[in-house]
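See structure below.
Residue numbers (the working numbering): 6 to 184.
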């Protein structure tokens, strides 16, 4: 009696289409990372500016409040001096006008501060949303790259072309085979 057994294994050594797909995935990861970094820089600059606008508005409000306090004391003194007959009524009216102007300055400074705080809050929300979107996009591209690398049946590794020629990537196949 004669038995014939046959087994055949095929191992692809190199597939150009998979290599090109891997290069495209690497490029997409690089673009996504650059976009993510740009979003971080944008966040830093815009939030910093908005924060400094709030600080400036707080300083302006403090100065306006100090001015109002000074004109309040001046008005009080002018009214007392008028009561005893040392100054004319026009001097009291000038002090009152200056006091009213300082009061308007405080109101305007409070409005400016509230506007700056609201702009900072809105900017924080907007930029947090944008960074979350870009983080999700980056994670998606990185997951796709990992899937491509893990599903590639060939052994892949990459080395830096400059400097010390250090290894920049080793596929799971190499790790499994070499330990």
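Quick reminder that beta carbons are idealized off the backbone N, C-alpha and C, glycines included.
The structure displayed is predicted, hence computed values, not measured ones.
Apart from the five residues just before and just after residue i, which ones in its own chain have a Cβ nearer than 6 Å to its Cβ?
i	result
residue 100	79, 80, 83
residue 3	This structure leaves residue 3 out entirely; the chain is present only between 6 and 184.
residue 150	30, 34
From the DSSP output, in three-state form, read off residue i for me.
i	result
residue 10	coil
residue 34	helix
residue 20	coil
residue 69	helix
residue 112	helix
residue 145	helix
residue 89	coil
residue 117	helix
residue 140	helix
residue 169	coil
residue 40	helix
residue 95	helix
Between residue i and the rest of its own chain, which residues show a CB-CB distance below 8 Å, the 5 nearest in sequence each way excluded?
i	result
residue 38	143
residue 87	93, 94, 96, 97
residue 124	55, 58
Kindly list the residues whose CB is nearer than 7 Å to the CB of residue i, restricted to its own chain and excluding five residues on each side of it in sequence; keep chain order.
i	result
residue 147	34
residue 152	none
residue 48	132, 136
Let me see if you follow: with CB-CB separation under 8 Å, is residue i close to chain B or not?
i	result
residue 63	Considering every chain present, this structure includes no chain B. It has just one protein chain.
**Request:** Decide yes or no for the touch test of the stretch 58–71 against the stretch 107–124: beta carbon pairs closer than 8 Å, at least 3 of them.
**Result:** Contact annotation: the stretch 58–71 touches the stretch 107–124, with at least three C-beta pairs closer than 8 Å.
**Request:** For the stretch 124–137 and the stretch 90–109, state whether three or more C-beta atom pairs, one from each stretch, are separated by less than 8 Å.
**Result:** No, the stretch 124–137 is not in contact with the stretch 90–109.
**Prompt:** Per the contact definition of three or more C-beta pairs closer than 8 Å, is the stretch 44–55 in contact with the stretch 84–96?
**Reply:** Contact between the stretch 84–96 and the stretch 44–55 is absent: fewer than three C-beta pairs spanning the two stretches fall below 8 Å.
**Asked** How do the stretch 7–16 and the stretch 119–126 stand: do at least 3 beta-carbon pairs fall below 8 Å, yes or no?
**Response** no
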